[in-house]
Amino acid sequence: MFTIDRRTFLASLAGSWLVGAGEAAQGSPQYPEASKMTEPAVGACWLDVAAPLVVVDPAQQLTSDLLLTATCFPGIEGYRDSHYSTEYQILLFDAAGKEIKLDQGGRLNIPALRPTLVNMKDLSHRDAFFGGAKIRLAPSANQVARAGDLFSAGFMRWDLPSNFDNVHAHPAPPQQVVGHFNYSMPFPALSEYHCALALFNPNEEESHGSVRVVDRLGRAVGQQAYRLNPHQTVLYRLGELETVATPGEAFAVKPLKEAKLADGGVVVVHNDSEKVPFGYTFIKGRQGNSFTVEHPLHFSADAPMKPARATPYGPNKSFPASALLYTPLLFKGLRVGGLQLDSRIYLSSSRWVEEALWLMPFATTGNGEIAWVSNRDDQFAERVAPSAATNQGVVRLTEFQSCRIDARALPLPDGFSGGFGMATIPKTSHSLQKVEVTAKEWGRVAFTHFRPGGATAKAYREAADRGNLASDYIVSGAHIIGGASNRKRDCVLAVMNIEFEDDQTGTPKLQLFGPSGLVAEKQLDEFPPLACRHLVLSELFPGVQSDAAHPFTVRMQVANALMVVSAVHIDYERRDLALEHGSDRHSTFADFKC
Numbered sequence: 053m054f055t056i057d058r059r060t061f062l063a064s065l066a067g068s069w070l071v072g073a074g075e076a077a078q079g080s081p082q083y084p085e086a087s088k089m090t091e092p093a094v095g096a097c098w099l100d101v102a103a104p105l106v107v108v109d110p111a112q113q114l115t116s117d118l119l120l121t122a123t124c125f126p127g128i129e130g131y132r133d134s135h136y137s138t139e140y141q142i143l144l145f146d147a148a149g150k151e152i153k154l155d156q157g158g159r160l161n162i163p164a165l166r167p168t169l170v171n172m173k174d175l176s177h178r179d180a181f182f183g184g185a186k187i188r189l190a191p192s193a194n195q196v197a198r199a200g201d202l203f204s205a206g207f208m209r210w211d212l213p214s215n216f217d218n219v220h221a222h223p224a225p226p227q228q229v230v231g232h233f234n235y236s237m238p239f240p241a242l243s244e245y246h247c248a249l250a251l252f253n254p255n256e257e258e259s260h261g262s263v264r265v266v267d268r269l270g271r272a273v274g275q276q277a278y279r280l281n282p283h284q285t286v287l288y289r290l291g292e293l294e295t296v297a298t299p300g301e302a303f304a305v306k307p308l309k310e311a312k313l314a315d316g317g318v319v320v321v322h323n324d325s326e327k328v329p330f331g332y333t334f335i336k337g338r339q340g341n342s343f344t345v346e347h348p349l350h351f352s353a354d355a356p357m358k359p360a361r362a363t364p365y366g367p368n369k370s371f372p373a374s375a376l377l378y379t380p381l382l383f384k385g386l387r388v389g390g391l392q393l394d395s396r397i398y399l400s401s402s403r404w405v406e407e408a409l410w411l412m413p414f415a416t417t418g419n420g421e422i423a424w425v426s427n428r429d430d431q432f433a434e435r436v437a438p439s440a441a442t443n444q445g446v447v448r449l450t451e452f453q454s455c456r457i458d459a460r461a462l463p464l465p466d467g468f469s470g471g472f473g474m475a476t477i478p479k480t481s482h483s484l485q486k487v488e489v490t491a492k493e494w495g496r497v498a499f500t501h502f503r504p505g506g507a508t509a510k511a512y513r514e515a516a517d518r519g520n521l522a523s524d525y526i527v528s529g530a531h532i533i534g535g536a537s538n539r540k541r542d543c544v545l546a547v548m549n550i551e552f553e554d555d556q557t558g559t560p561k562l563q564l565f566g567p568s569g570l571v572a573e574k575q576l577d578e579f580p581p582l583a584c585r586h587l588v589l590s591e592l593f594p595g596v597q598s599d600a601a602h603p604f605t606v607r608m609q610v611a612n613a614l615m616v617v618s619a620v621h622i623d624y625e626r627r628d629l630a631l632e633h634g635s636d637r638h639s640t641f642a643d644f645k646c
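Heads up: the sequence shown at position 556 corresponds to 608 in my numbering, and the numbers run straight through without jumps.
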């Protein structure tokens, strides 16, 4: 493996991401201005997130939990004051859209950073149902103005006898989107996986439009109209693009009928009404019995588009990037926690701003060196499926195209682990780019998506009552159960410095929170710019234990560097894994207001 000096690599981006990424996401066609909502109480700022599929199915032994994180508090150490809490209200609906009445109106008040797992069967007093939920949240009185991170406000968790997975609830209308949108994400090869889509309308008005699937090159394969009454949920099997009546039918793995989707593609939901739906994509392995969940993302369907550039390069083959995206979950045969981990990357485009999206991927080491970059790799096209998605040493995707990069095909040594970054032209969203991690011994996989960098991450620091931390990241649902000889649950933390400059070395402090508050904390070593390392939670905090009903929240504070932390949750009893991308505690503060 050869390495490229970080400064040399930065010079090839000079004058680009420093300036081009400086446009704030708020007010762009992807994120229109937030609309006002009616307040249930004077002075309270209630914001909403949506959980598109809550299911209790005794036939499958499938249950759902909602993990509430309570991340509202002022300053760096406001969590120490038990008066600072997050107020929640859970509104649960069956598949037809009828409200399921909950005890105390679904209201909970949770002190800051006391993660709380809510069993939806117990809460609903129902033995079997499926539908969607809307979770409302507001900070308690006399503290921060509003919740700062809707992406870590609540997580849906699904449990099966041999599987588990989790994904965050969606920031929901009316704060986010009113208008016509394309709501899309890539899905993996249907020759390897079975995929289902749950679509939920959290609005008080009808949502209607179309659901379609396209192949890797963006060619239409199937389309179906949808019409959702308020709070209704509909299930689809993506391979046939057909609606089904129950989660059991949706998740049943059947032979693939549509060969055009054998290598994967993109699912696109387009709303013709003013109100948008929200969804989760469920992914099951045809072999190995994997079960994992991911979500699409909205992009404005009415935004004007510029013609595609003939080349992404400027003078001296510089790449004038508009944004930077990262995942700290790049593995090529890494042995950690008794498992071998491997990664595959799934890249996709929406229809937004320009007719072509250019992506220059690169890999970084634990010391912040550039281990690989696509435009210095003569065999790059051979490492991408399909190779037609490459052009001039980078990825080029037009409307709803997608591609896959297997870490095992990259010119990196066996046992490699590090970070995977992308410089993009024009801006795009981290949520359209997915990463899959496989535990080789179990044949199990899990998916999550990338994290934003550049000016998007820098803007978090400007949030009121933050305490001026450069990074204040949250990962939830972590466990340490059992010891080295009888390991039952553990977690691998993926920590990455996403800065470039020498003076932005990061020294993270990790804190572990349980139902009673702060459990333990640990100062980590210095992370040079672009360094990415992987740490086992039980080795960081020996002697600390959780239990199945009380997971930990991990908080990472960094004073002077932008850093991210993601997690690989490992269940040794069920021989399964789940991913969580992590989120800054003020990632939505500027975009979602009352």
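We put the beta carbon where it would ideally sit given N, CA and C, even for glycine.
Buried versus exposed call for D201 [16 or more other C-beta atoms within 10 Å across all chains shown]: When all chains shown are included, D201 counts as buried.
Stretch pair the stretch 280-287 + the stretch 247-259: three plus CB contacts closer than 8 Å: Because the criterion of three Cβ pairs below 8 Å is met, the stretch 280-287 and the stretch 247-259 touch.
L376 versus L65: straight-line alpha-carbon distance, rounded: Approximately 11 Å, taken between the alpha carbons.
Status (buried if at least 16 other CB within 10 Å, exposed otherwise) for G634: Counting other Cβ atoms within 10 Å of its Cβ, G634 reaches 16 or more and is therefore classed as buried.
Length of the line joining the Cα atoms of G519 and Q276: One alpha carbon belongs to G519, the other to Q276, and they sit about 49 Å apart.
Chain B within 8 Å of C97, Cβ atoms only: This model lacks chain B altogether, as it is built from one protein chain only.
Collapsed DSSP secondary structure at H347 in the structure displayed: Of the three classes helix, strand and coil, the one that applies to H347 here is coil, per DSSP.
Contacting residues, own chain, Cβ-Cβ under 7 Å from R58 (five flanking each side not counted): For R58, same chain residues with a beta-carbon under 7 Å away, outside a window of 5 residues either side, are G420, E421, I422, F552, P581, L582 in chain order.
Under the three-state DSSP convention, the category G157 falls into: The answer is helix: DSSP assigns G157 an H, G or I state.
When L114, P238, Q609 are compared against V527, the one with the closest alpha-carbon: Nearest option by C-alpha distance: Q609.
Enclosing alpha helix (DSSP H) for D174 [first to last residue]: Taken as a continuous stretch (DSSP letters only), the alpha helix (DSSP H) holding D174 covers 172-176.
Cβ-based neighbour list, P213, same chain, cut-off 7 Å, excluding 5 preceding and 5 following: Shown here for P213: same chain residues with a beta carbon closer than 7 Å to its own, the five before and five after excluded, namely Q113 in chain order.
For D466 and S134, the rounded distance between their alpha carbons: One C-alpha to the other measures close to 48 Å.
Where S259 falls: helix, strand or coil (DSSP): Note: S259 maps to strand in three-state DSSP.
Those residues which DSSP pairs with W210 across a bridge: BP columns for W210 point to S116, D217.
Rounded straight-line distance, which links the Cα of D174 to that of D211: Take the alpha-carbon of D211 and the one of D174: they are about 14 Å apart.
Among A642, A530, E406, Q195, nearest to C543 - alpha-carbon criterion: Nearest option by C-alpha distance: A530.
Exposed unless 16 or more other CB atoms sit within 10 angstroms - verdict on F61: Burial call: buried.
Identity of the residue in V620, T508, E434, S598 nearest D643 by Cα: Among V620, T508, E434, S598, the Cα nearest to that of D643 belongs to T508.
S618 - containing beta strand (DSSP E), residue span: Element bounds for S618: 615-623.
Rounded straight-line distance, which links the Cα of R268 to that of S439: Cα to Cα, S439 sits roughly 11 Å from R268.
Member of G127, P167, A221 whose CA lies at the smallest distance from the CA of S568: Among G127, P167, A221, the Cα nearest to that of S568 belongs to P167.
For V405, the nearest candidate out of E451, E488, R209 (CA to CA): Selected option, being the one with the closest Cα: E451.
Exposure of R132, with buried meaning 16 or more beta-carbon neighbours within 10 Å: Per the 10 Å Cβ criterion, exposed.
Per DSSP, cross-strand counterpart(s) of L290: For L290, which the question treats as bridged, DSSP gives no partner whatsoever.
Closest by C-alpha distance to G506, when choosing among Q563, A498, S523: The option with the nearest alpha carbon to G506 is S523.
Separation of T115 from K318, as counted between CA atoms: Per the sequence shown, the amino acid found at residue 318 is Val instead of Lys. Spanning the two alpha carbons is a distance of roughly 28 Å.
Euclidean distance between Cα positions of S262 and T379: In a straight line, the C-alpha of S262 is about 31 Å away from that of T379.
CA-to-CA distance, D555 to K336, given in whole angstroms: K336 and D555: Cα-Cα distance of roughly 44 Å.
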